[in-house]
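Below: the structure, in C-alpha cells.
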Amino acid sequence: MYEKTVQAITELVNDGTVPGVSYAFIDDRHVQTGLYGAEALVPSYEPLKPNQLYDLASLTKVVGTVDVILQLIATGKLALTDRVHDYLPAWQDTRVTVRHLLTHTSGITGYIPHRNKLSANELHEALLGMHVGENFEQKMVYSDINFIFLGWIAEVLLGKPIQTLITENVLQPLGMNDSTFQPADPMQCVPTELSSTRSLIRGVVHDPKAFVLKSHCGSAGLFSTLNDLIIFEKAMLENSDLPITTGQKAELLNDQTPLHHQWRSFGWALLDAKLPTPHRCIWHSGYTGTCLVLDLQTHQGMVFLSNRVHPKAPNEAFLARRNAIINTYLSEKSSLVTIK
Numbered sequence: 001m002y003e004k005t006v007q008a009i010t011e012l013v014n015d016g017t018v019p020g021v022s023y024a025f026i027d028d029r030h031v032q033t034g035l036y037g038a039e040a041l042v043p044s045y046e047p048l049k050p051n052q053l054y055d056l057a058s059l060t061k062v063v064g065t066v067d068v069i070l071q072l073i074a075t076g077k078l079a080l081t082d083r084v085h086d087y088l089p090a091w092q093d094t095r096v097t098v099r100h101l102l103t104h105t106s107g108i109t110g111y112i113p114h115r116n117k118l119s120a121n122e123l124h125e126a127l128l129g130m131h132v133g134e135n136f137e138q139k140m141v142y143s144d145i146n147f148i149f150l151g152w153i154a155e156v157l158l159g160k161p162i163q164t165l166i167t168e169n170v171l172q173p174l175g176m177n178d179s180t181f182q183p184a185d186p187m188q189c190v191p192t193e194l195s196s197t198r199s200l201i202r203g204v205v206h207d208p209k210a211f212v213l214k215s216h217c218g219s220a221g222l223f224s225t226l227n228d229l230i231i232f233e234k235a236m237l238e239n240s241d242l243p244i245t246t247g248q249k250a251e252l253l254n255d256q257t258p259l260h261h262q263w264r265s266f267g268w269a270l271l272d273a274k275l276p277t278p279h280r281c282i283w284h285s286g287y288t289g290t291c292l293v294l295d296l297q298t299h300q301g302m303v304f305l306s307n308r309v310h311p312k313a314p315n316e317a318f319l320a321r322r323n324a325i326i327n328t329y330l331s332e333k334s335s336l337v338t339i340k
C-alpha cells in the first residue's frame, strides 16, 4: 500500500534532499512502517537504524504541550478565555488569552537582541517583555513564543517544569517509554545540524530557545522514536480519553481561531481531505524535518521523520517536497477507506 507516497519518500533521499526517513502509515489497526537512507552524512556515513530517537522540534507542541493544556481545561483548572496576564503578571498586555496562544493569534512580536546568548532567566524576562502587534486576532502567525507561554502557565498551575508535566501526563500514561527530553546516549539519536558554534548537534535539542530554557520550554525539546509516535497517533485515533478526551479530539477538527477562518485548531493546523467525502484532517511539522498527519474521521495517520537540517540548515527545498508527500498521502489513503 501507499506505493506513490513511499516512492516520493525514497526519491527525497535519493536526490539528496534529506539523508534518510523513517515513516509509518496507520489504517485503524493496520500499521505499515519503513525506513530508508542514512541518519548521518558527517563526520562519516551512518545508515539509518530502526527506532532511533529524532529531535521532534515543534512536534513537541502537539504531542506534549497541547495535551497538558487541554487536560487542564478538561479538569476546570484553566479556561480558553483566561488571560495570560493572570498567570504571568510580568506580561503586561491584558487582551491575550489561552485561546490566542493555542491558535497562534496572539500577535506577540518584537526583537530580542543577542537572544541565543542570553541565560535562561534573561531570555524568560525578555520574552515576557515583548508586545502585541497589529496582527492580534486578525491573522494567524506561527510563533514558538505562544507555546513557551503556555508551558509557563501550566508550570504556574501544577508547580513543575512543562517538560516534566509532558513526561508525567502524556508520555508515561501512553507508554511512550523511549521518548525523552534528555537522551542518555547521543548515538541513539539521529543527528541534526553541523553548527559553526555547537559542532555536530546530536542528542541535544537543536532549537536555540529550547537549548537555553531547557525543561521550561514547551515549544520544542522532545526526542521520540517511530514506534512511540505510532503509539501516540493510535491513541489519538482511538475512542479513548488518552491523551485528551474524545470530546476534545472532536473539537480539534474545528477552526478555533477567534475569526474561525484561519485553518488553525488547538495547536494543530487543519488540512482539507476531499476524498472519500469532504472533511478535515489535522497535521503539524517540526523544523528538523518531522511531521504528523491525522485523519480522526477515518482513523488513519502518517508519521514522517527526517533530519532535513543535517548537515546544514535551513534546506528550504525540503518544504515543498514535504507538502507534496502529504498531498500524495492524503490522496492514497482516501482510496483505502470503506464508507460504512
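In UniProt numbering, the protein residues as written are 1 to 340. Ideal placement from N, C-alpha and C gives every residue a C-beta, glycine not left out.
| Asked | Found |
| --- | --- |
| Rounded straight-line distance, which links the Cα of Leu165 to that of Asn121 | 20 Å |
| The beta strand (DSSP E) enclosing Thr32, as first and last residue numbers | Per the sequence shown, residue 32 should be read as Gln rather than Thr. Run containing Gln32: His30 to Ala40, per the beta strand (DSSP E) assignment. |
| Given 8 Å, three or more beta-carbon pairs between the region 149-169 and the region 29-42 | no |
| Three-state secondary structure assigned by DSSP to Ala220 | coil |
| Limits of the alpha helix (DSSP H) - the one that Val212 falls within | Pro208 to Leu213 |
| Backbone secondary structure at His85 - three-state DSSP | helix |
| Burial state of Met1 (16 or more Cβ within 10 Å) | exposed |
| The region 70-77 touching the region 239-252, judged by at least three CB pairs closer than 8 Å | yes |
| Asp185, buried or exposed, once every other Cβ within 10 Å from all chains shown has been counted against 16 | exposed |
| Any chain D beta carbon closer than 7 Å to Lys160 | Judged by its chain identifiers, the structure shown contains no chain D, having just a single protein chain. |
| Same chain only: Cβ atoms within 7 Å of Lys160, ignoring 5 sequence neighbours per side | none |
| Three-way DSSP call (helix, strand, coil) for Arg264 in this model | strand |
| Leu270 versus Arg83: straight-line alpha-carbon distance, rounded | 25 Å |
| Cβ pair count under 8 Å reaching 3, the region 57-66 against the region 212-226 | yes |
| Spatial neighbours of Gly151 in its chain, beta-carbon cut-off 6 Å, leaving aside the 5 residues before and after | Thr65, Ile162 and Gly218 |
| Contacting residues, own chain, Cβ-Cβ under 7 Å from Lys234 (five flanking each side not counted) | Ile26 |
| Residues that Glu46 bridges to, as DSSP identifies them | Ala40 |
| Tyr287 in three-state terms, based on DSSP | coil |
| Length-filtered (4 minimum) alpha helix (DSSP H) runs lying within the region 125-177 | 144-158 and 162-166 |
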